[in-house]
Amino acid sequence: MTPDEEIRLVKAAANGSESAFEALVTENQKLVYNVALKLTGDPEDALDVSQETFLKAYRNLSSFRFESRFSAWLYRLAYNASMDLLKKKRGTVSLTAEDEEGEERELTIADTAPTPEESLEREETRRAVREAVARLPEDKREIIVMREFSGMSYSDIADALGIEEGTVKSRISRARAALAEILSEYGTFARPSSSKETKGGKKHA
Amino acid sequence: MPNCEDFRELISKYFDGELSADETAELNEHIAGCEDCSRFMSAYSLFLDSVPEDAEPPAELLSGVMSGVRAINAKKKKRRRALIIRWTAAAASFALVIFAGLSLFRGGYKSADTKSAEAESATSSNHYLAPTAPDDYGADFSDADLAEAPMDMAPVPEPEPAFPADSFDGAIDDTYKNETMGADPGEAYEPEAEPVTEGETVGGLHVTYVDGMCAEATELFADREWEIEPSGDEANEFWVLFHYLIDWEKALAICEELEESPAIESAEPMIAEY
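In the order they appear, the protein sequences are chains A and B.
Residue 21 in our numbering is what sits at position 21 of the first sequence, and the numbering runs on without skipping anything.
Residue 1059 in our numbering is what sits at position 59 of the second sequence, and the numbering runs on without skipping anything.
So this is what it looks like as structure tokens:
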């Protein structure tokens, strides 16, 4: 969807067109659903968060200022709603973590139960992934989620956050280093990598 | 002396798949001898491999959202909204053949008799509007209906069933030109339980339909030739108002139909609330 098409649909939806809004939902549902799913780890929670996100957007359509793309706004709503849900879930675990500046931060993360369908080991790893990311300080977490969970390009991230692409690159490199530090605390990520040599590297779309 | 901080950028580039051949060699050389960076890279690789693939959202997502949307709309208080179609004519000709499903009325002028009436009424002006169609309006559409004015308004003069061009004195009331569409949703107008009747001015728009009869009116006036007077800001701009038609999709469809006519340059729907 081109930015112009998006703008046209948002305006039509704000004027009462249900089919215009339906087109916006169809266009963005995969993005919204998957950020919710990767943050919460639970398909039912992801569905709830996604529906909540779209309905919240619908109720607030008239206050959308077109300063960024509509999809970026939806993404932000979904991200925040997912984080809110994580904080609310029972069985929360309190942790103290040190960030890059050596400051101690108190973090509360959800203690999510593994699903019975998936193998225990794989589910444990995925849980560790979610936990590690949740433990990052907010500015680093946000950019890691956009890049590594949602596969957003540097230019999309720059656009969504209102910063330069160069800034995105340096922020990501710092965030990755910080995440690697956290990951090293988990046994599951300390296993030697199967590929010792670097080749081209992992390609992002 | 190489510092691992320096390699942080390179490592990040690796994970973006953007290392050049030279940089790849440089990085390989470094991690062969650096535990920390080696651990960084293997942990991060495992992390990336563990991020699940994108899943398809379930069908309930869309259906759930759309039922929610309909529920929100149903709850909204019934606000009076008028949907106007504004179009620009390609030629100076005012004669227009109407497509089926469209109701068009003359608008934007004031007959000589109502000017005195306006002097009395501080709040709104009365415009008598009538189609130029031949005598037969059909049984449901008597002259008396057209002449009916609401209680608070100054009286409307005796209507004429036909309105041939030569009886028109040529004076077009252009006070509406000073009002912007929709910006002032008729503060002179007080919403009442009864729909507005023809002849009222609402927020600068000349009411050009007959209330409650929109559906019937469209059938009555379709496929006839109409003489249309300009009612917008430009000489070739015309407005048609559909009361109660708050269906945006329908308005868009009508605009598309209008635009297919060679007589019409562009057609655009707008909404005014009152």
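All C-beta atoms, glycine included, are put in the ideal place defined by N, C-alpha and C.
#### Entry: Residues, ordered as in the chain, of the stretch 35 to 61 of chain A that lie near chain B by beta-carbon distance below 7 Å
Legend: CB atoms of the stretch 35 to 61 of chain A lying less than 7 Å from CB atoms of chain B belong to residues Leu37, Lys38, Leu47, Ser50, Gln51, Phe54, Leu55, Tyr58, Arg59.
### Message
So if I threshold CB-CB distances at 8 Å, which residues from the stretch 1050 to 1062 of chain B count as touching chain A?
### Response
Taking 8 Å as the Cβ-Cβ cut-off against chain A, the residues of the stretch 1050 to 1062 of chain B that qualify are Ser1050, Val1051, Pro1052, Asp1054, Ala1055, Glu1056, Pro1057, Pro1058, Glu1060, Leu1061, Leu1062.
#### Entry: Where glycine 1257 of chain B falls: helix, strand or coil (DSSP)
Glycine is not the amino acid found at residue 1257 of chain B; the sequence shown has glutamate there. If DSSP states are grouped into helix, strand and coil, glutamate 1257 of chain B belongs with the helices.
### Message
Nearest by alpha-carbon distance to alanine 1055 of chain B: which of A:Glu124, A:Gln29, A:Tyr186 is it?
### Response
Nearest C-alpha to alanine 1055 of chain B: A:Gln29.
### Message
valine 25 of chain A and phenylalanine 54 of chain A - do their beta-carbons sit closer together than 8 Å?
### Response
Taking 8 Å as the Cβ cut-off, phenylalanine 54 of chain A and valine 25 of chain A qualify as a contacting pair.
### Query
When Cβ atoms are compared, which residues of the stretch 1008 to 1024 of chain B fall closer than 8 Å to chain A?
Of all residues in the stretch 1008 to 1024 of chain B, Arg1008, Glu1009, Ile1011, Ser1012, Lys1013, Tyr1014, Phe1015, Asp1016, Gly1017, Glu1018, Leu1019, Thr1024 have a Cβ within less than 8 Å of some Cβ in chain A.
### Message
Using a Cβ distance threshold of 8 Å, determine whether the stretch 34 to 50 of chain A contacts the stretch 63 to 70 of chain A, with at least three qualifying pairs required.
### Response
In this structure the stretch 34 to 50 of chain A does not touch the stretch 63 to 70 of chain A; the number of beta carbon pairs closer than 8 Å is below three.
### Query
For valine 1051 of chain B, which three-state DSSP category applies?
Three-state result, valine 1051 of chain B: coil.
#### Entry: From A:Glu27, A:Glu5, A:Ala23, A:Asn15, residue whose alpha carbon lies closest to that of serine 63 of chain A
For serine 63 of chain A, the nearest C-alpha among the options comes from A:Asn15.
### Message
On the criterion of 16 or more Cβ atoms from any shown chain inside 10 Å, does leucine 1146 of chain B qualify as buried, or is it exposed?
### Response
Reliability of the predicted coordinates at leucine 1146 of chain B is poor, the pLDDT of 34 falling under 50, and the value obtained from them is presented with this limitation in mind. Leucine 1146 of chain B is buried by the Cβ-count criterion.
### Task
Name, please, each residue of chain B whose Cβ falls closer than 7 Å to the Cβ of valine 25 of chain A.
Against chain B, the beta carbon of valine 25 of chain A has neighbours under 7 Å at Leu1062, Val1065, listed in chain order.
### Message
Is alanine 1043 of chain B close to chain A? Criterion is C-beta to C-beta, closer than 8 Å.
### Response
Closer than 8 Å to some Cβ of chain A, the Cβ of alanine 1043 of chain B qualifies, so yes.
### Proximal chain B residues relative to arginine 126 of chain A, where beta-carbon distance stays under 7 Å
Those are Ser1050, Pro1052, listed as they occur along chain B.
### Query
For cysteine 1004 of chain B, which three-state DSSP category applies?
Cysteine 1004 of chain B: helix per DSSP, three-state reduction.
### Task
Look at the alpha carbon of methionine 146 of chain A and the alpha carbon of glutamate 1018 of chain B, and state the distance between them as a whole number of angstroms.
Roughly 18 Å between the two C-alpha positions.
### Query
Are the C-beta of arginine 1079 of chain B and some C-beta of chain A separated by less than 8 Å?
Bear in mind that a pLDDT of 49 at arginine 1079 of chain B, under 50, signals an unreliable position, so the model cannot answer this.
### Query
Mind checking asparagine 1073 of chain B: buried by the 16 CB within 10 Å criterion, or exposed?
Answer is exposed; the Cβ neighbour count stays below 16.
### Query
How should alanine 1025 of chain B be labelled, buried or exposed, when 16 other C-beta atoms within 10 angstroms of its C-beta is the threshold for buried?
The residue in question, alanine 1025 of chain B, is exposed, as its Cβ has fewer than 16 Cβ neighbours within 10 Å.
### Message
Taking CB distances under 8 Å as the criterion, tell me whether glycine 1068 of chain B reaches chain A.
### Response
It does: the Cβ of glycine 1068 of chain B has a partner Cβ on chain A nearer than 8 Å.
### Cross-chain neighbours of lysine 30 of chain A in chain B, by beta carbon under 9 Å
The answer, in chain order, is Asp1054, Ala1055, Glu1056, Pro1057.
### Task
Keeping to the same chain, check which residues put their C-beta closer than 7 Å to that of tyrosine 58 of chain A; ignore five residues upstream and five downstream.
For tyrosine 58 of chain A, where only same-chain residues beyond five positions count, the Cβ hits under 7 Å are Phe21.
### Query
Taking the alpha helix (DSSP H) that lysine 169 of chain A falls in, what are its first and last residues?
Annotation: the continuous alpha helix (DSSP H) that includes lysine 169 of chain A extends over 165 to 183.
### Query
Ordered along the chain, which non-local residues of its own chain (more than five positions away) have a Cβ less than 7 Å from that of serine 1042 of chain B?
Contacts found: none.
### tyrosine 186 of chain A, enclosing alpha helix (DSSP H) - first and last residue
Element bounds for tyrosine 186 of chain A: n/a, residue is neither H nor E.
### Host alpha helix (DSSP H) of valine 25 of chain A (start-end)
The continuous alpha helix (DSSP H) containing valine 25 of chain A extends over residues 18 to 40.
### Message
Please report the distance separating the alpha-carbon of proline 1164 of chain B from that of glutamate 1256 of chain B.
### Response
Model confidence at proline 1164 of chain B stands at a pLDDT of 32, short of 50, so the residue's coordinates are unreliable and nothing is read from them.
### Query
Measuring CA to CA, which of A:Arg135, A:Ala12, A:Ala134, A:Pro3 is closest to glutamate 1268 of chain B?
Scanning A:Arg135, A:Ala12, A:Ala134, A:Pro3 for the CA closest to the CA of glutamate 1268 of chain B turns up A:Ala12.
### Query
What is the residue span of the alpha helix (DSSP H) that alanine 1032 of chain B lies within?
In this chain, the alpha helix (DSSP H) harbouring alanine 1032 of chain B covers 1021 to 1033.
#### Entry: Residue-level contact to chain B via CB, tyrosine 33 of chain A, 8 Å cutoff
At a cut-off of 8 Å between beta-carbon atoms, tyrosine 33 of chain A makes contact with chain B.
### Query
Are any of the Cβ atoms in chain B nearer than 8 Å to that of alanine 177 of chain A?
At a cut-off of 8 Å between beta-carbon atoms, alanine 177 of chain A makes contact with chain B.
### Query
serine 173 of chain A touches chain B at which residues, Cβ-Cβ below 7 Å?
The contacting residues are Arg1008, Glu1009, Ser1012.
### Query
By Cβ distance below 6 Å, which residues in the same chain neighbour threonine 125 of chain A in space, the five residues on each side in sequence not counted?
Result list for threonine 125 of chain A: Thr188, in chain order.
### Query
So, is phenylalanine 1047 of chain B buried or exposed, given that buried needs 16 or more other C-beta atoms within 10 angstroms?
Phenylalanine 1047 of chain B is buried by the Cβ-count criterion.
### Message
Taking beta-carbon pairs under 7 Å, can you tell me which members of the stretch 63 to 89 of chain A lie near chain B?
### Response
From the stretch 63 to 89 of chain A, no residue has a Cβ closer than 7 Å to chain B.
### Task
For asparagine 60 of chain A, name the three-state secondary structure that DSSP assigns.
Three-state result, asparagine 60 of chain A: coil.
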